[in-house]
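Inspection log for the structure reproduced underneath, given as C-alpha cells.
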Amino acid sequence: MDKKRKALCLGVLILIILIIPLFIKDEYYLHILVMSGIWIISALSLNLILGYAGQLNLAQGTFFGIGAYATGLLMQKMGLSFWAALPLGCLLTATIGFVTGLPTLRTRGHYFPIATMCLGIAIYYVIARWDDVTGGARGLFGLPRPDPIVIPFLGTISFESTASCYYLVSFLVFITIVVIHRLITSLSGKRLIAIRGNEDLAQALGINTMRDKVICFTISTFFAGLAGGVFASYMGSLMAENAHFVTSFEMLLNVMIGGVGTIIGPIIGAIFLPLLSEELHFLGGWRLVVYGLILILTIRFLPFGIVGGIRTALAKRHDKRGV
Amino acid sequence: MDEYILEVRNLTKYFGGLKAIDNVSFKINRGEIYSIIGPNGAGKTTLFNMITGFIPPTEGEIFFQGQKINGLKPYQIARLGIGRTFQLTTLFMQNTVLENLLIGQKQTREFPVFHSIMSVKRRRVSQSEAVERAHAVAEFIGLGTFKNTMAAILPHGAQKQLSIGLALSGDPDLILLDEPLGGVDMDEIDMIIELIKKIRDEGKTICLIEHKMRVVMNISDRILALSYGKKLVEDLPEVVASNEDVIASYLGDRYAARG
Amino acid sequence: MGILLQTLINGIMLGSVYAMVALGLTLIYGILNVPNFVHGTLYMIGAYIAYFAIVSFGAPYWVGLIVSLIILFAIGILLERIVFRPFYDKPLINSFIVAVGLILVLENTALSLWGPEFRQFAAPSDKVIKVMGVMITAQRIIVIVTAAVLIWLVHLFIKKTRLGSAIEATSQNPDGALLMGINISHMRGITFGIGTALAAVAAVLVGPILLIYPAMGHTVIGMAFVIIIIGGMGSFIGAVLGGYIIGILETLVTSYITNFFTEAIIFGLLVLLLAVRPTGLFGKPH
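Chains as they are written, first to last, in the numbering used here: chain A, 21 to 343; chain B, 859 to 1117; chain C, 634 to 919.
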C-alpha cells in the first residue's frame, strides 16, 4: 500500500513537471525554472560530498566551471555536437576531480577546505589567464544551444525554445536524483555516512575510507560538470567568475538553506532561492549581502535548513499527540 | 592452525624523544581473555593503536594468524579479523543503534559503488543480509529493544555495549576492548562482563585493557602488566596479583594520584 | 644583478605583507582553532577604511593607518563575539560555512557601497632612493621596516606581557590554560582583534603600491593559508618566515618564469605538498 502510494505521488509529480510549460506563458519564469534545474544538479553534487561524506569542498564551483568551459570549448573549438561535448565535458571534469581528489582527500579536518580552496584558486587563475584557449577575462561567447534531435518519421526536437531546454534540464535533474538516491540509500551510502560520522571508527570497521572518499568526490565532480556543461550551452556565454567562489557560494547556499544531508533539501533550496532572488531584485548588489546574512542565521538557528526545521516541527507535534 | 592468534615481537614506539613502548613482546592464545593492565601512560592504548594499524611502530613486528600485519592500513587489518573499541566511547552518534551495526557489516564495507548504482538484485540481497546480521548483533549485545534509538541519547552503559557490538559486527576473530567498563555504573558492569564472557563462548579471542582490578583478576585467563612502556610481568591472574613490581607500580600510581 | 636585487627587494616587500597577514591568521588559528576564511575580506575592509580616512577626510597617511588598525581591531572583537562564539561547541563544518556567509556579507557590502573600480591612495613620501644602481621607492622601504617593527612588537607582546603569555599558553594547551584560570573567551576576542588589525595594517602598507578593490583579499588569504600550512598551523615563527619565503618565491617566479600562472603554480605546489604531508610541513600527525 505504502509503495503504491509512493509510486502514485511520484507519478503525479512527474506529470506536473511535464505540463508546467503549458501553463507558464511568461518565458522569463520558465527561464528561472531552467536555472533552478541547473542549480538542483549542482546543489545535489555538492550535497553528496558535503552532506553525506562530510567533506566541505570549496572548489565545487570550480568543477562546475571546468564542466562549463570543457563543454563550451569542445563545441566551439573542436566543433563537436552538444550531445558529444556534454558527456566528454563531464568525464573530463570527473577525471580532474579524481586526479585532484587523490591528494586533497588525504587531508582531514581543517586541511581539506583549505586545500580545496587553494585548488579552486589555482584552477580559476588558469581559466582566467589562459587567453588563447578560454578567452581569459573577456570570457567565452557564442556557445551554441544543443543540436536538434531528429527522430525518424516523427520530426525534430529543437532546443531553441526555453520550454525545450526546460524538458532537457528536467530529464537531467531526474537522472541525477536517481543516481544519487540509489547511491546514498545503498550499503555504499552507509559507508559515506560512516566517514562523515567518524573516519577513524569507519576504518576500524574495515572501511577503506580513502577509496570511498575519492569515488564519492569523483562522482560529485561529474555532476558538478554536468550542471556546468548544460549551463554553458543554455546561457551561450561564460565568464571566468563562473568557475570561482561565486558559484561555490551559490551551491553552498542552496544546500544549507534547503537542508544538508537530505535529497529533498538541496532541491527545495535550488528552487526557493532563485525565486527569492527575483523578489529581492530591487536590492541590487545588496541581495548577496542578504543571502550571506540568511546563510549565517540558517547555520545558527536551523543547521539542517528548511527540511530540518520542518522535521523538528513535525516531531514536536508528534510528541505532543503521543502524550 | 597456529596456537597463537596474535604475536607481538620486540615492539618499540617513540613519540619524539619519549619511549611510549619499550621492546614489548607477547603472544595471545586462541580463545582466551587476555588483559593488559598498567597505570595511566603505561602505553596500553598505544599498543592497541599499533596492533590495529592506526600508528606505525618504530621497531618490532606484529603477526596475526601467522601473517605480518604491521605496515597494513587500519581497514585492511580490520578485514583480516581484528575488531576494536576506542577508549573514549566512539560511535556514529547521529545514527540509530541498528544503523551503527549495519555500517560494521562485512557486506557494507565491501559492497561496490558501481553495483549500488547500477544493479537491482545484488543490491537488494546484500542489503537484506546485512540488515539481518545487524538485527542479530543488536539482540546478541542486549540492545534489541533500542534498535531504533539514536546512539547519542543512549545511556552510557548502553553506549559501551553498542561500541562492543560495533567491534563485533564484522565477525572478527580477535577483539580488542579498550576500557569497556570505563565510567560505567555498578549495575551495568555485570551486564558488560556477561557480554564479554558470551563473546568468548562464541569462540572469539578477547584482548582487554581495563582498570577495574577485581574484574580483570576474575575474568582474565592471562594478564600482561606494563609500566612506562615496559613489560613488568605476563602470567596467570593470581601470579600477577602477587607480583611485587605490579603492586608497587599500582600503589605508586594510586598515591601519586592522591597526592 | 641590478634586476635580481630589485626583484629581491620587491619579494621582501611582498613577503612583509604576507608575513603580517599570515601572522594574524596563525594567531587566530592557535586560539580559536578555526581556519579563518574571513581574514582576507577583513584585509580588504582595512584598506578601504584607510582609503576613506586619507582620501575623503584628508587625514595624513599614518593617521589613516592607525584609524584602520583601531577600527579593524574592534571589528575583529565584535565578529568573534557575535558571529563565531556560538559555534565553538558545534561541528567544525558549521564555522567554516559561517565564515563563507560572512565573506558574502562583507564583500558585497563593499561592492555595493564602493563599486568594483580600482582605487589607490598616495604614499606618504614619493622619494626614490638609489642603492647599488637600483631605484627603490621610499614606500617599499616603509613597508619593509614597518612590517618588521610590528612583527617584532607582536613578538615582544607575546613573550613579555602577561596577556601575551596567556595567549601563547592558551594556544599551546587550551585545557591547561583553563586549569590555570585563564579566561579563554576573553583571550579569543583579543586575539581575533589583534590578528585582524595585523591584516588591516598590511593592507594599508601596500595600499599605495597595489590596488584596492572588493576582491583584493582572495589571493592574499589563499597565500596566507599556504604559508601557515607550510609553517605549521598556529606557529608564530613559521608564519613569519613562511611569509617572507613565499613572497620572495612568488616575485622570483613572476620575474623569471611566468607572469601568468604564478598563483596556479604556488597553489598547485601546496596541494602537492599536502598530498605528501596531509597535516602540513611541520604539522603533527593527527
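The beta-carbon is built from N, C-alpha and C at its ideal position, and this holds for glycine as well.
From a predicted model like this one, the values you see are computed outputs, not experimental measurements.
Boundaries of the beta strand (DSSP E) harbouring T176 of chain A: 175–177, taken from the DSSP string. Per DSSP, the continuous alpha helix (DSSP H) segment holding I116 of chain A begins and ends at 102–124. In the DSSP assignment, G1028 of chain B falls outside any alpha helix (DSSP H), carrying neither H nor E. Under the three-pair Cβ rule at 8 angstroms, the segment 321–334 of chain A does not count as touching the segment 82–98 of chain A.
As the crow flies, the alpha-carbon of T916 of chain B is around 32 angstroms from that of G74 of chain A.
DSSP places Q753 of chain C in the coil class of the three-state scheme, outside both helix and strand. DSSP places Y1086 of chain B outside both helix and strand once states are collapsed to three, so it counts as coil. Nearest to Y131 of chain A by C-alpha distance, out of C:V654, C:F729, C:E740, is C:F729. Per DSSP, A260 of chain A lies in no alpha helix (DSSP H) and is assigned neither H nor E. Of all C-beta pairs linking the segment 672–686 of chain C to the segment 835–852 of chain C, three or more are shorter than 8 angstroms, placing the two stretches in contact. Under the Cβ criterion (8 angstroms, minimum of three pairs), the segment 932–944 of chain B counts as touching the segment 222–232 of chain A.
Cβ-Cβ separation between G109 of chain A and G245 of chain A: approximately 6 angstroms, consistent with a contact (criterion under 8 angstroms). Measuring C-alpha to C-alpha distances from G871 of chain C to each of C:I881, C:I860, C:T912 identifies C:I860 as the nearest. Boundaries for G896 of chain B: no alpha helix (DSSP H) harbours it, and the DSSP string shows neither H nor E there.
Counting along the chain, the unbroken beta strand (DSSP E) around D880 of chain B starts and ends at 876–887. Excluding its 5 nearest sequence neighbours in each direction, A686 of chain C has C-beta neighbours in its own chain below 6 angstroms: A692, G697, V700, listed in chain order. At a cut-off of 7 angstroms between C-beta atoms, F118 of chain A does not count as an interface residue with respect to chain C. In the three-state scheme derived from DSSP, where H, G and I count as helix and E and B as strand, F251 of chain A is classed as helix. Inter-segment contact for the segment 961–969 of chain B and the segment 984–995 of chain B is present: three or more beta-carbon pairs are separated by less than 8 angstroms.
Residue environment for Y311 of chain A: buried (at least 16 other C-beta atoms within 10 angstroms of its C-beta).
Cβ-Cβ separation between M820 of chain C and T803 of chain C: approximately 5 angstroms, consistent with a contact (criterion under 8 angstroms). For the C-beta of L960 of chain B, the chain A residues within less than 7 angstroms are, from N- to C-terminus, K210.
With respect to chain A, the C-beta atom of R867 of chain B has no partner C-beta closer than 7 angstroms.
In the DSSP annotation of this structure, the continuous segment of the beta strand (DSSP E) that includes D1036 of chain B starts and ends at 1032–1036. Taking 8 angstroms as the upper bound for CB-CB distance, I204 of chain A and L212 of chain A are in contact here, some 7 angstroms apart.
One finds Q223, A224 in chain A with Cβ atoms closer than 7 angstroms to the Cβ of P932 of chain B, taken in chain order.
Cβ-Cβ separation between H1069 of chain B and E1037 of chain B: approximately 7 angstroms, consistent with a contact (criterion under 8 angstroms).
Judged by beta-carbon spacing, V1098 of chain B lies within the 7 angstroms limit of I1081 of chain B, meaning their Cβ atoms are closer than that value. Scanning its chain for C-beta atoms nearer than 7 angstroms, with the 5 sequence neighbours on each side dropped, one finds around M271 of chain A the residues S62, A63, L66, Q80, G81, in chain order. The beta carbon of G822 of chain C lies closer than 7 angstroms to those of I710, E713, R714 in the same chain, with the five residues before and after it left out. DSSP, reduced to helix, strand and coil, places V280 of chain A outside both helices and strands of the structure shown, so it counts as coil.
Under the Cβ criterion of 7 angstroms, S977 of chain B is not counted among the residues facing chain A. Within chain B, no residue has its beta carbon less than 7 angstroms from that of T115 of chain A; the closest one is some 17 angstroms off. The C-beta of V153 of chain A comes no closer than 7 angstroms to any C-beta of chain C. Contact annotation: in the segment 775–803 of chain C, no residue has its CB less than 9 angstroms from a CB in chain A. Within chain A, the residues Q223, A224, L225, G226, I227 have their CB atoms less than 9 angstroms from the CB of A936 of chain B, given in chain order.
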